[in-house]
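Using our numbering, read the sequence shown as starting at 1 and increasing by one per residue.
Don't be surprised by glycine CBs; every beta carbon is placed ideally from N, CA and C.
Owing to the predicted nature of the structure, the values given are computational and were not obtained by experimental measurement.
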Amino acid sequence: MLWRGGRGLRAAAGAGLLLAQSTALIAGAPITRSPDPILGCADSFAVLSAAGVSNKGRTYIYGNLGIESSAAITGFPPGAVFEGSIYSGGPVVREAQRDAFAAYDRLMRLPSFAIGSAVEGELGGLRLTPGVYALGTSARLSGNLLLDARDEDHAVFVFQIGTNLTTGRDAAVVLVNQGRGDAVYWQVGGSVKLGRNTSFTGNILAHKDIVMETGASMRCGRAFTRTGAVTMDRNYIFSECEPPEIAVGLTEGPGGFNRFAPPPEPGTVGSSPEPGTFWLAAVCFAALIAVRFHRLRHPR
């Protein structure tokens, strides 16, 4: 398999997507959006934490926010969730965490190339093509990291970081030539700190805490922690790859995203999930039943 080109990962992703779609047909659910073939049932979440979420100021999150039932969430409002809901425990969070943990393990085990040109773990100034890259220790980003998609709409980039990932002020992960950026994954063995006004691309799956300093933004990505907390301060997190329609005069630069109109009707704790969330939960539940039934009929 040519992992450097991401073909092996795309093939595995396609197989998972086909299974999800087949399960949806069996369940009779009119699905309009399939779960991410890597993230599975965690796909609808923008933030997922085992140890709680805290926020300062007007943070906008697009997608579901989920925490353990024993964890705490503070700062919502003034923070707000749009096109999703806030979940405190329950089956939807459990299924999402199960798939997020499985994705973390799969990404960690992928064959990879060491980033030999990264001096002392510095990613700034590099231009990388689709593939799976590894840094055995910590990584930091000062300036810009360019991800050259080579005109592939779903170019796959995977970064395996041994310990911690830290970005400097005004740092940016920039996708060029022109993929959608919906297949960028950061598997981090320690904690993540996104510096002030960082503009970040991709899904973060961290073992420990994720801290987003003032003005840091995530495009086409998610903030998932296995054991840690998520801390935010006037941030934007978009789980979708296109900016939300409510944005007015949206601009993107080294300082991230800005000029947002206040969106109406944010999700709240205990609010009713959107219809798409019900269907996604149904698909995930049906997939779980199908797997268990298969194991009963074909024991090892």
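- If the five residues before and after D182 are omitted, its C-beta is found closer than 6 Å to the C-beta atoms of C220, C241, all from its own chain and listed in chain order.
- The shortest C-alpha to C-alpha distance from I237 to any of T225, D209, E95, A216 is the one to A216.
- With respect to the C-alpha of A42, the residue from I61, R98, T198 having the closest C-alpha is R98.
- Fewer than three pairs of CB atoms, one per stretch, sit closer than 8 Å, so the stretch 109-124 makes no contact with the stretch 86-100.
- DSSP places A102 in the helix class (H, G or I) of the three-state scheme.
- Cβ-Cβ separation between F82 and N64: approximately 10 Å, too far for a contact (criterion under 8 Å).
- Taking 8 Å as the cut-off, the Cβ atoms of L145 and L126 count as close.
- DSSP, read as helix, strand or coil, puts S54 in strand.
- Between R234 and H207, the gap from beta carbon to beta carbon reaches 8 Å or more.
- As DSSP reads the structure, F159 sits in a beta bridge with Y133, W186.
- The residue among L128, S239, V53, L107 with its C-alpha nearest the C-alpha of V176 is L128.
- About 7 Å separates the beta carbons of V173 and L147, which is inside the 8 Å limit, making them a contact pair.
- Assigned with DSSP and collapsed to three states, E213 falls in coil, not helix or strand.
- In the three-state reduction of the DSSP assignment, G90 falls in the coil class, being assigned neither a helical nor a strand state.
- A direct Cα-to-Cα measurement between L205 and Y185 gives close to 8 Å.
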